[in-house]
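Q: The structure under discussion is supplied below as structure tokens; questions concerning it will follow.
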Amino acid sequence: MADPRFFTRQGPFTLAELAQHTGSILSRPDAADMRVSDVAPLDRAAVENIAFLDNPKYVETFRNSRAGACFVRERYADMAPPGIVLLYTEDPYRCYALTAQKFYPLHDPSEGIAATAIIDKTAKIGKGCRIEHGVVIGPKVEIGDRCSIGANTVLQEGVSIGSDSRIGALCSLSHCYIGQRVIIHRGVHIGQDGFGFAMNREGHVKVPQLGRVMVEDDVEIGAGTCIDRGTGPDTVIGTGSKIDNLVQIGHNVQVGRGAVIVAQTGIAGSTRIGDGAVLGGQVGISGHVKIGAGVKLAAKSGVMGDIPPGAAYGGSPAVPVKDWHRQTIALAKLARLRRSNEE
Amino acid sequence: MADPRFFTRQGPFTLAELAQHTGSILSRPDAADMRVSDVAPLDRAAVENIAFLDNPKYVETFRNSRAGACFVRERYADMAPPGIVLLYTEDPYRCYALTAQKFYPLHDPSEGIAATAIIDKTAKIGKGCRIEHGVVIGPKVEIGDRCSIGANTVLQEGVSIGSDSRIGALCSLSHCYIGQRVIIHRGVHIGQDGFGFAMNREGHVKVPQLGRVMVEDDVEIGAGTCIDRGTGPDTVIGTGSKIDNLVQIGHNVQVGRGAVIVAQTGIAGSTRIGDGAVLGGQVGISGHVKIGAGVKLAAKSGVMGDIPPGAAYGGSPAVPVKDWHRQTIALAKLARLRRSNEE
Amino acid sequence: MADPRFFTRQGPFTLAELAQHTGSILSRPDAADMRVSDVAPLDRAAVENIAFLDNPKYVETFRNSRAGACFVRERYADMAPPGIVLLYTEDPYRCYALTAQKFYPLHDPSEGIAATAIIDKTAKIGKGCRIEHGVVIGPKVEIGDRCSIGANTVLQEGVSIGSDSRIGALCSLSHCYIGQRVIIHRGVHIGQDGFGFAMNREGHVKVPQLGRVMVEDDVEIGAGTCIDRGTGPDTVIGTGSKIDNLVQIGHNVQVGRGAVIVAQTGIAGSTRIGDGAVLGGQVGISGHVKIGAGVKLAAKSGVMGDIPPGAAYGGSPAVPVKDWHRQTIALAKLARLRRSNEE
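Chains as they are written, first to last, in my numbering: chain H, 1 to 343; chain V, 1 to 343; chain B, 1 to 343.
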């Protein structure tokens, strides 16, 4: 079980409750009232735990598991250990995630405004919010209901945050609208000036950045990530997109819905990322480029041109993944040839 | 126009004022008293706005623009829409930038020291400064006139900041001298120990880092960027250089004047970057390397040796840009050859 | 000497004290009582300074140095300038580091708890700690003796920190155990949720991250670095490992003992880094990969598979360094061939 020093567990829950919560189907309706007290991986689960089998690689572990219950695709029912109660689903990992959220709720339930928080008189704070110590909230800031704002975070003038959103410690937000159910981890900086200069031998003149950052509902943004505001148009992070740690997003970038952007990736100004695109870690994308919906970019890809929807690219400069692998192999052969010539 | 929730507009201004402010020349002296109330892009400008044409790609947009006035090179005068007043200049983008700064001043004019700021008795704060909530200012810190220090920022013992400089929220500065008119965005860390160890199987011994960071006048440093102090010599960022977000600058690095360093680039210890060099995003440069004045490095370049002044390099390991393109094409051909053999 | 604005020098010390402190041997026992007042590089040292010769490249500088004393390997004794006192050692740089630490102690000796620090009643703070302004310490936090916690840092519920550790300004720590003599620089974020989602067209479901971060003794972690907590297993940074600035470490990563990880490197989830491995800057390593003990990875390496102990790899995708160099040369030749064909 999770370290009680850091995690507070809810429950136990009956299998009927969990089946309903996850939309899965109990293999034995007579087990509806059976209670489980925690989630656990297949190999460490005991009879009071519920586990899951998603990756077929772990079928043997499933066979030998002592878990009391398990989320599993129905076609693996024959391989179940004796006595286990199965919960059938086509998406066991999703069911596990929802169940783990039930045992270990993501929201800290406590509310209240710390005495040391500095809140401008013109700011509006919703009901049931948690505002931690040292938070600084500027004029005309608006925060919805049930939000939490982590210690020493700074919300500058006019920032708007939708209900049920959570901002971590030590963030700074300005010039932005944040949607509902958004999670912003610690040390995130949103809304600063983009990197815009009229360059010139006599000195680079700063171009005022007159746009905003629009973070839509259900977005998650990782620790240390920076999102610059637009130059006049806005920078937009679409609904349900997930951004990892230490990512850089330049001015006017538009990220579609449900995109996934892994750590340390950088996206230069005015580039568009399509819905559901998945960008690996340390990817770099030039400015003014269009990445189609559903595109997958391998980690460390360097992208300088448009990529059509649904394509998988890799390498730097990035090419279709198959070509990238061919290039890698061709280059290795060429080098081996060189080695044999040396010998 | 910019969202009034976040931006306070000045003006209106007469065209005579703007021509003088930008050093441009009015096409029709009789329009000197005409007033414009905002900047706007060519395609969205109305008669009360001033726009600019810099990139010839937008000549058609210029032809059809409804802007009241426009910064433009004189040779495009024939293509102007009827009624528009032109302001001639060889650098329209620069004029736009200066005009936008006039409508939307970069400095927050308000001053004052927040009640919750902690300022050591031995610190000296200039006139007209703005010190926000939660700022911590250590002993013997010196801050010039008209500076602003963002909320919850930490200035450690002895830090010196020149006049008219702005430090964002949540920065930490130590062991550094900051020049005049410097802009440091949020979450910047300057002056921490460089990564210096006497490495050894029995343990890596920390080498005290006894130098400083010297940030010269008119430098801008992006959010989340880290600049380590020198080992004994100093780390130096030269006058007018512009550094983007999440950049890493190692100990003893010397950046010349007017250099441009795009996001997520890393420069290892003791490397020198020449005046006016432009480093793309996610560039990595080894330690003890000399990058000449005016060098241009493509994004994601990996540099392990010196580069002569004025050269353009790309790739990893970086080579002259022309060679890089040739390598890219040659490798693509080789892989295609391989594919046809497969078929 | 170091700028007295930022550094407070101790001493002077006798050569006998320094020989004992560093485990080196005085060439002339009669010089045991000679005092030196500072460290200095060979070329700038005066008679009251102690220098070191490590890299043979600087033998000529050694010959002409005016230093009063010098750490050196005994085999260079013949090349010493007249009058200098030598301290023999096989590791002069290590001796220099230890001596510099003696003149310029790494720990700020002052202790005390700032009036503005917010410390939960259930937290336990050891003896001789320094807690700076604006620090927020949550319930059940435990801090050992002689620790320092930088201004505006946030320690969330249950965090445990061993004795003699130093946490910089503006850090946030949660869900973690920090060992003894650990140094965490500014702006570090430890213990946030890893990037874990059950991905799905209808929306990515957040997977609760139920593990911790274990930072063992004598680790150093650079500014702006992010370390996510484990998913159930823990994320572990082994004893004596040194991590540079802006590094990303994903959930469940296990870093061995004495590893060195240079700036802007990213390690994806569940990867293991062996003891003593050295990772250059901007390296990227995929998830679920094993990097053997003593492996060396060149800067910007992109690693997608296991690497055996002791190997040196480079490139992306990474290959043995010799192969990488062969590939680089082969590709350059191929491109040159192409150029001659063009001409």
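Heads up, the beta-carbon is just placed ideally off N, CA and C, and yes, glycines get one too.
Values in this document were obtained by computation on a predicted structure and should not be read as measured data.
Output the boundary residues of the alpha helix (DSSP H) element that contains C95 of chain H.
A: Translated into positions along the first sequence, residue 95 of chain H becomes position 95. Note, C95 of chain H: alpha helix (DSSP H), P92 to F103.
Q: Looking at the strands, I want to know which residues DSSP matches up with E142 of chain H.
A: To locate residue 142 of chain H, count along the first sequence from 1; it is residue 142. Per DSSP, H:K124 and H:S160.
Q: Tell me which residues share the same chain as P81 of chain V and place their Cβ nearer than 7 Å to its Cβ, disregarding the 5 neighbours each side in the sequence.
A: The sequence position of residue 81 of chain V within the second sequence is 81, counting from 1. The residues are R63, N64 and S65.
Q: At 8 Å on the CB atoms, spell out the chain B contacts of C129 of chain V, in chain order.
A: Indexing the second sequence from 1 puts residue 129 of chain V at position 129. Correct list: empty, because the minimum Cβ distance to chain B is about 19 Å.
Q: According to DSSP, is D38 of chain V helix, strand or coil?
A: Reading the second sequence from its first residue, position 38 is the one you call residue 38 of chain V. Strand at D38 of chain V.
Q: To the nearest angstrom, report how far apart I243 of chain H and L246 of chain V are at their CA atoms.
A: Stepping through the first sequence from its first residue, residue 243 of chain H is reached at position 243. Stepping through the second sequence from its first residue, residue 246 of chain V is reached at position 246. Going by the C-alpha atoms only, they are around 16 Å apart.
Q: Since I believe T231 of chain H is in contact with N252 of chain H (beta carbons under 8 Å), could you give me their beta-carbon distance rounded to a whole number of angstroms?
A: By one-based count along the first sequence, residue 252 of chain H stands at place 252. By one-based count along the first sequence, residue 231 of chain H stands at place 231. The Cβ separation is near 6 Å, so the contact holds.
Q: Quick one: is H133 of chain H buried, meaning 16 or more other Cβ sit within 10 Å of its Cβ, or exposed?
A: Sequence index remark: in the first sequence, residue 133 of chain H carries index 133 (1-based). So H133 of chain H ends up on the buried side.
Q: Under the rule that 16 or more other beta-carbon atoms within 10 Å means buried, what is H288 of chain B, buried or exposed?
A: As a working mapping, residue 288 of chain B is identified with position 288 in the third sequence. Its Cβ having fewer than 16 others within 10 Å, H288 of chain B is exposed.
Q: Quick one: measure Cβ to Cβ for R181 of chain V and S165 of chain V, integer angstroms, because I've assumed they're closer than 8 Å.
A: Here the question's residue 181 of chain V lines up with position 181 in the second sequence. Here the question's residue 165 of chain V lines up with position 165 in the second sequence. Contact holds; Cβ gap of about 6 Å.
Q: Under the rule that 16 or more other beta-carbon atoms within 10 Å means buried, what is T122 of chain B, buried or exposed?
A: Here residue 122 of chain B is taken as the residue at index 122 of the third sequence, counted from 1. With fewer than 16 other Cβ atoms within 10 Å, it is exposed.
Q: I want to see whether chain B comes within less than 8 Å of K300 of chain H, judged by CB atoms only; does it?
A: Taking the first residue of the first sequence as position 1, residue 300 of chain H is located at position 300. It does: the Cβ of K300 of chain H has a partner Cβ on chain B nearer than 8 Å.
Q: What in chain H is Cβ-close to R212 of chain B, meaning under 8 Å?
A: Counting from one through the third sequence, the residue named residue 212 of chain B turns up at place 212. What R212 of chain B touches in chain H: D3 and F6.
Q: Quick one: which chain B residues come within Cβ less than 9 Å of D323 of chain V?
A: Here residue 323 of chain V refers to the residue found at position 323 of the second sequence. Correct list: A332, A335, R336 and R339.
Q: In chain order, what residues of the stretch 251-262 of chain V put their CB closer than 8 Å to some CB of chain H?
A: Going along the stretch 251-262 of chain V in chain order, one finds G258, V260 and V262 with a Cβ nearer than 8 Å to chain H.
Q: In whole angstroms, give me the CA-to-CA distance for V260 of chain B and F103 of chain B.
A: For the purposes of this step, residue 260 of chain B is identified with residue 260 of the third sequence, where counting begins at 1. For the purposes of this step, residue 103 of chain B is identified with residue 103 of the third sequence, where counting begins at 1. Taking the straight line from one Cα to the other gives about 26 Å.
Q: Between N55 of chain V and chain H, is any beta-carbon pair separated by less than 8 Å?
A: The residue labelled residue 55 of chain V in the question sits at position 55 within the second sequence. Answer no: the Cβ-Cβ gap between N55 of chain V and chain H never drops below 8 Å.
Q: Under 8 Å, do C176 of chain V and G187 of chain V count as touching if we go by C-beta distance?
A: For the purposes of this step, residue 176 of chain V is taken as the residue at position 176 of the second sequence. For the purposes of this step, residue 187 of chain V is taken as the residue at position 187 of the second sequence. No, the Cβ-Cβ distance between C176 of chain V and G187 of chain V is not below 8 Å.
Q: Using a Cβ-Cβ distance under 8 Å, would K242 of chain B count as near chain V?
A: Your numbering for residue 242 of chain B matches position 242 in the third sequence. Closer than 8 Å: yes.
Q: Is the separation between the beta-carbon of G191 of chain B and that of L173 of chain B shorter than 8 Å?
A: As a position in the third sequence, residue 191 of chain B is number 191, starting the count at 1. As a position in the third sequence, residue 173 of chain B is number 173, starting the count at 1. Yes, these two residues count as a Cβ contact at 8 Å.
Q: Pop quiz: G203 of chain V and D218 of chain B are said to be a contact at Cβ under 8 Å. What is the actual Cβ separation, rounded to whole angstroms?
A: On the second sequence, position 203 is the one that residue 203 of chain V refers to. On the third sequence, position 218 is the one that residue 218 of chain B refers to. Sure, about 7 Å apart at Cβ, within 8 Å.
Q: If you compare alpha carbons, which of V:L15, V:C129, V:A115 and V:D30 is closest to A67 of chain V?
A: The sequence position of residue 67 of chain V within the second sequence is 67, counting from 1. The shortest Cα separation from A67 of chain V among V:L15, V:C129, V:A115 and V:D30 belongs to V:L15.
Q: From M1 of chain B to S37 of chain B, what does the alpha carbon distance come to, in whole angstroms?
A: By one-based count along the third sequence, residue 1 of chain B stands at place 1. By one-based count along the third sequence, residue 37 of chain B stands at place 37. In a straight line, the C-alpha of M1 of chain B is about 10 Å away from that of S37 of chain B.
Q: Find the residues of chain H that neighbour Q180 of chain V, judging by a C-beta separation of less than 9 Å, and give them in chain order.
A: As a working mapping, residue 180 of chain V is identified with position 180 in the second sequence. The contacting residues do not exist; Q180 of chain V stays about 13 Å from chain H at best.
Q: Tell me the rounded alpha-carbon separation between R9 of chain H and K140 of chain B.
A: Along the first sequence, one-based indexing puts residue 9 of chain H at 9. Along the third sequence, one-based indexing puts residue 140 of chain B at 140. Distance between the alpha carbons of R9 of chain H and K140 of chain B is about 17 Å.
Q: Closest by CA to R5 of chain V, which one among H:Q209, H:G158, H:P233 and H:G305?
A: Mapped onto the second sequence, residue 5 of chain V falls at position 5. Of H:Q209, H:G158, H:P233 and H:G305, the residue nearest in Cα terms is H:G158.
Q: For L297 of chain V, list the residues DSSP reports as bridge partners.
A: Working through the second sequence from its first residue, we reach residue 297 of chain V at position 297. Per DSSP, V:L279 and V:Y313.
Q: Residues in the stretch 271-303 of chain V with C-beta within 9 Å of chain H's C-beta atoms, listed in sequence order?
A: If the cut-off is 9 Å between Cβ atoms, the stretch 271-303 of chain V has G276, V278, G280, G281, Q282, A298, A299 and K300 near chain H.
Q: Run the CB neighbour count on K127 of chain H, radius 10 Å, all protein chains shown included, and call it buried at 16 or more, exposed below.
A: Walking along the first sequence from the start, residue 127 of chain H turns up at place 127. When all chains shown are included, K127 of chain H counts as exposed.
Q: Once the 5 residues before and after A263 of chain H are set aside, which same chain residues still bring their CB inside 8 Å of it?
A: To locate residue 263 of chain H, count along the first sequence from 1; it is residue 263. For A263 of chain H, where only same-chain residues beyond five positions count, the Cβ hits under 8 Å are G222, D244, N245, L246, V247, G281 and Q282.
Q: Could you work out which residue in H:K333, H:S316 and H:D234 is closest to I249 of chain H when comparing CA atoms only?
A: Mapped onto the first sequence, residue 249 of chain H falls at position 249. Out of H:K333, H:S316 and H:D234, H:D234 has the C-alpha closest to the C-alpha of I249 of chain H.
Q: What does the alpha-carbon distance come out to for the pair T239 of chain V and I125 of chain V?
A: Here residue 239 of chain V refers to the residue found at position 239 when the second sequence is read from its first residue. Here residue 125 of chain V refers to the residue found at position 125 when the second sequence is read from its first residue. Near 23 Å, if we compare the C-alpha coordinates of I125 of chain V and T239 of chain V.
Q: Please check the pair D306 of chain B and K290 of chain B, which I expect to be a contact at CB under 8 Å, by giving their CB distance rounded to whole angstroms.
A: Within the third sequence, numbered from 1, the residue matching residue 306 of chain B stands at position 306. Within the third sequence, numbered from 1, the residue matching residue 290 of chain B stands at position 290. Right, the Cβ-Cβ distance comes to about 5 Å (below 8 Å), so this counts as a contact.
Q: Please classify G23 of chain H as buried or exposed, where buried requires at least 16 neighbouring CB atoms within 10 angstroms.
A: Mapped onto the first sequence, residue 23 of chain H falls at position 23. When all chains shown are included, G23 of chain H counts as exposed.
Q: Determine the extent of the beta strand (DSSP E) in which F52 of chain B is found, giving its start and end residues.
A: Position 52 of the third sequence holds residue 52 of chain B. It spans N49 to F52 - the beta strand (DSSP E) in which F52 of chain B sits, taken as one unbroken run.
Q: In angstroms with no decimal places, state the Cα-to-Cα distance between G269 of chain H and C226 of chain H.
A: As a first step, residue 269 of chain H is located in the first sequence; it is residue number 269 there, counting from the start. As a first step, residue 226 of chain H is located in the first sequence; it is residue number 226 there, counting from the start. Spanning the two alpha carbons is a distance of roughly 13 Å.
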